[in-house]
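Residues -28 to -1, 1 to 488 in mature numbering (1 follows the signal peptide of the UniProt record, and there is no 0) are what the sequence shown spells out, letter by letter. Think of the CB as a built atom: it goes at the ideal place given N, C-alpha and C, for glycine as much as any other residue. Since this is a predicted model, take the numbers as computed values, not measurements. Only one structure is covered here, and it is reproduced in the block below.
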Amino acid sequence: MPCRMTSNILTRSCTLIVLLGFWSGSLGQNQSTLFRECMRSQLGQLFQESLVSIPGDIGYATRLGWSFQPDPNDHPVAFVDCTDVIHIQKAIICAKQESIGVCPRCGGHSRIGSGMCSGIVVDVWQLKQFLPSSDNTTVIIGAGLTLGELVYRLSTKMNRIFPVGHSPSVGTSGFLLAGGFSELANDLGLGCDNVLEFRLVNASGTKITANRNTRPDVYWASCGGGGGRLGVVYQMTLKVHPTSRYDKHVGFIASFSNSSWMPAYLEWLYNWQEHNLSILSRSTIDISRSSTEARVTLRGACVDSLSSQNCRGRFQASGVYQFPWTPSLTPNTKSIQYLQWISGTSVTSDPLGYFNTGGVSHGRGMTMRSSDAVTAVSFKYSIGQTPPRQFFVDFFTFVDQTCRAPGMVRCSILFQNLGRGITNIGPRASAVYGLRLAKQWISFRVQGANLAMSEHVKDVLRNYLAPHSLSAFINYEDRGLRNISVGYYGLDASRMIKVNKRMDPTHTFLSKQPLF
Ligand SMILES: Cc1cc2nc3c(=O)[nH]c(=O)nc-3n(C[C@H](O)[C@H](O)[C@H](O)COP(=O)(O)OP(=O)(O)OC[C@H]3O[C@@H](n4cnc5c(N)ncnc54)[C@H](O)[C@@H]3O)c2cc1C
């Protein structure tokens, strides 16, 4: 449209822009073609046309939509749908030959679109191996499984459980490399605490393994350092757990709307020793411009619990009934029902089907970025000190006012008290820092009139808690974080940077949040 203007200068600059666009477009096209030809010659008979999608191919547009939060600035040179580790190796070799960067992708659920880039997207989604050990305690998985597929296979083939997160379509690789957080982690540890070995292709295209004894630094950094920095993971060995403690459980949900109660609720929650009662829960406070009162919801389960009466007894012991609500309690008998319950949906007659179909790869992909902004912090008021009620009064008042500012739509603030599964491991034992030391995980999900507003309000809320926050949590990548390395890794920052530099000195891997 602007190029229709008649002024001479404008006409000339418009011509230049069009030419530049054409030139850079054809440069991109050339790079894409050269990359595909390199793959063809490197792989010989192993090359298949469906392996590489470049601009102009039908499959290219489809793959652009395989992100949960696509970044409109990303224009991939090519997508590689790897079905074998050799494809990853050759993709890295060809990318380097053509001086193009690489980003791995698994489930595409990064909240800042980290699984896509203006380079080669090395997608591992088709690596779906599932090889249980003979004693049923560990399993080797392909890096492309989604969490839903993992749950389904563990349940049907091994009768085992793993601390997965909330959405079946999240990729196992991205989830585990960034820690992997859930209510179940309070018992079983973060997802990555249960990875015994990572197998990856490094920035030179070589296969390497990392475990406690072999390349311990890479193993350390792979647990919570975040994906896409050290190499492309193609396989992992997981420790899996018996389901017995979670089979008999009582799912519960309770909520009320009344803003004046919120400080008291937050104070009680902070001090609640739920883990001692075998209760695994999360609380959410919703603040919406369409309602004058904030609403709190407590959702979770009494695990290892035979009856509603038993769960009610645990609530009575811990003061749940002091609040104006009547929790709804539902006893169940299968751990798969527990997993469906904490994923945020109601328990259906076919929970296995929920994980199987909900876990289809890239199932929740989108072509446009939403206007939501998200962050999560590891919160502890201060070491050895219980926060006074006034702290919670001020905190809630601040959040309530900020989330009701003109142009805001809503905020959800999620709280999870951290259990021993997470905090019994030291902050220097893996690249996960703050969660090991904190009392609570607090996540802000903000929806404003537009993305800029959401990002701004999310930053304001995160900064309010900064004096009491040990680090941000990288599974909820926060694009507004100022000092990325210390922000995510706290005192682990320099070690993380060192490992990253050693593994990828020339930035073969294109990170949206580079550490150096
Ligand atoms: C709806 C939803 C629910 C979520 N629920 C939870 C939850 O309950 N708990 C939690 O902890 N997190 C949760 N998350 C966050 C999620 O776990 C992270 O965003 C995770 O990184 C996504 O992994 P992915 O493979 O799906 O994403 P991708 O976008 O494919 O990858 C994420 C990052 O990992 C890298 N990566 C992917 N595969 C590989 C590989 N094979 N080798 C090396 N690097 C790789 C990518 O380059 C990118 O940097 C949720 C996110 C969404 C959108």
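Checklist line | Bounding residues of the beta strand (DSSP E) (the contiguous stretch that carries Ile414) | finding: In this chain, the beta strand (DSSP E) harbouring Ile414 covers 412 to 420.
Endpoints, the beta strand (DSSP E) within which His221 is located:
221 to 229
**Request:** Have a look at Arg(-17) and Ile113 and give me their C-alpha separation to the nearest angstrom.
**Result:** Only weak support exists for where Arg(-17) lies, its pLDDT of 43 falling under 50; the value from the coordinates is given anyway. Cα to Cα, the separation comes out at about 57 Å.
* For the alpha helix (DSSP H) holding Ile121, just list the boundary residues, first then last. => A small correction: the amino acid at residue 121 is Glu; Ile does not occupy that position in the sequence shown. Membership of Glu121 in the alpha helix (DSSP H) is indicated by the continuous run 119 to 125.
By how many angstroms is the C-alpha of Thr320 removed from the C-alpha of Ile308? 10 Å
**Message:** Shorter than 7 Å, the distance from the beta carbon of Tyr448 to the closest heavy atom of ligand 1, or not?
**Reply:** Yes; taking the cut-off as 7 Å, the Cβ of Tyr448 has a heavy atom of ligand 1 nearer than that.
- prompt: What is the residue span of the beta strand (DSSP E) that Ala345 lies within?
  reply: 344 to 351
For the beta strand (DSSP E) containing residue 514, name the first residue and the last one.
This structure leaves residue 514 out entirely; the chain is present only between -28 and 488.
task: Quick one: grab the DSSP three-state call for Gly177.
output: coil
Check: What does a CB cutoff of less than 6 Å around Gly37 pick up in its chain, not counting 5 residues either side in sequence?
Finding: Counting only Cβ-Cβ distances below 6 Å, and skipping sequence neighbours, we find Gly337, Thr339.
From this set, Gly406, Ser384, Gly200, which residue's C-alpha is nearest Gln485's C-alpha? Gly200
Could you check whether the region 150 to 160 touches the region 168 to 175, counting it as contact only if at least three pairs of C-beta atoms, one from each stretch, sit closer than 8 Å? no
Notebook entry, point to check: Among residues of its own chain, excluding the 5 on either side of Val142, which ones have a beta-carbon nearer than 6 Å to its beta-carbon?
Noted result: Gly79, His81, Leu119
- Item | When Gly196, Ser176, Trp97 are compared against Lys68, the one with the closest alpha-carbon | Of the residues Gly196, Ser176, Trp97, the one whose Cα lies closest to the Cα of Lys68 is Ser176.
Check: Does ligand 1 have even one heavy atom less than 7 Å from the beta-carbon of Cys274?
Finding: no
Practice task
Taking all protein chains shown into account, decide if Glu70 is buried (16 or more other Cβ within 10 angstroms of its Cβ) or exposed.
Solution key: By the beta-carbon neighbour count (other beta carbons within 10 angstroms, threshold 16), Glu70 is buried.
Q.
Taking its Cβ as the centre, do 16 or more other Cβ atoms sit within 10 Å of Val94, making it buried, or is it exposed?
A. buried
Subject >> Cβ-Cβ distance between Ser216 and Glu246 below 8 Å >> reply: It is not a contact, given that the beta carbons lie outside the stated cut-off.
Query - CB contact flag (Lys62, Leu15, <8 Å) - result: yes
Relative to the C-alpha of Ser231, which residue among Gln98, His138, Thr369 is closest? Thr369
Note to self: Nearer than 7 Å: is that true of the beta carbon of Val142 relative to any heavy atom of ligand 1?
What the structure shows: Proximity of the beta carbon of Val142 to ligand 1 is indicated: a heavy atom of the ligand is located closer than 7 Å.
Answer with buried or exposed for Val332, where buried requires no fewer than 16 other C-beta atoms within 10 angstroms of its C-beta.
-> exposed
Please tell me whether Ile414 and Leu386 are closer than 8 Å, where the distance is taken between their beta carbons. Yes, Cβ-Cβ distance for Ile414 and Leu386 is below 8 Å.
Review point. Whose C-beta lies closer than 8 Å to the C-beta of Trp192 among residues of the same chain, with five residues either side of it excluded?
Key: Ala401, Ser402, Ala403, Arg467, Val471
Could you check if Arg83 belongs to the surroundings of ligand 1, using beta carbon to heavy atom distance under 7 Å? yes
Note down, in chain order, each residue of its chain lying with its Cβ closer than 6 Å to the Cβ of Ser300, except the 5 sequence neighbours on either side. Ile225
Take Thr302 as the anchor and find which of Gln281, Arg408, Asn422, Gly73 has the nearest alpha-carbon. Gln281
Cβ neighbour criterion (16 or more within 10 Å) applied to Lys352 = Buried, by the Cβ-count rule.
Could you give the distance in angstroms between the alpha-carbon of Asn328 and the alpha-carbon of Leu122? 9 Å
- Item | Segment limits, beta strand (DSSP E) that includes Met234 | Per DSSP, Met234 belongs to no beta strand (DSSP E); it is in the alpha helix (DSSP H), 234 to 243.
message: Is Gly87 a contact residue of ligand 1, with contact defined as CB to any heavy atom under 7 Å?
response: Gly87 Cβ: within cutoff of ligand 1.
**Prompt:** For residue 547, is the beta carbon positioned less than 7 Å from some heavy atom of ligand 1?
**Reply:** Absent from the structure is residue 547, since the part of the chain shown begins at -28 and ends at 488.
Exercise. Can you give the Cα-Cα distance for Pro48 and Tyr218, rounded to whole angstroms?
Worked result: The straight-line gap separating the alpha-carbon atoms of Pro48 and Tyr218 is approximately 43 Å.
*Status (buried if at least 16 other CB within 10 Å, exposed otherwise) for residue 499*: No information on residue 499 is available, as it lies outside the stretch -28 to 488 that the chain covers here.
Next on the checklist: Please return the same chain residues whose Cβ sits closer than 6 Å to the Cβ of Ile446, not counting the five positions on each side in sequence.
Outcome noted: The answer, listed in chain order, is Ala150, Gly198, Tyr460.
Contact under 8 Å by Cβ, Leu324 with Thr128:
yes
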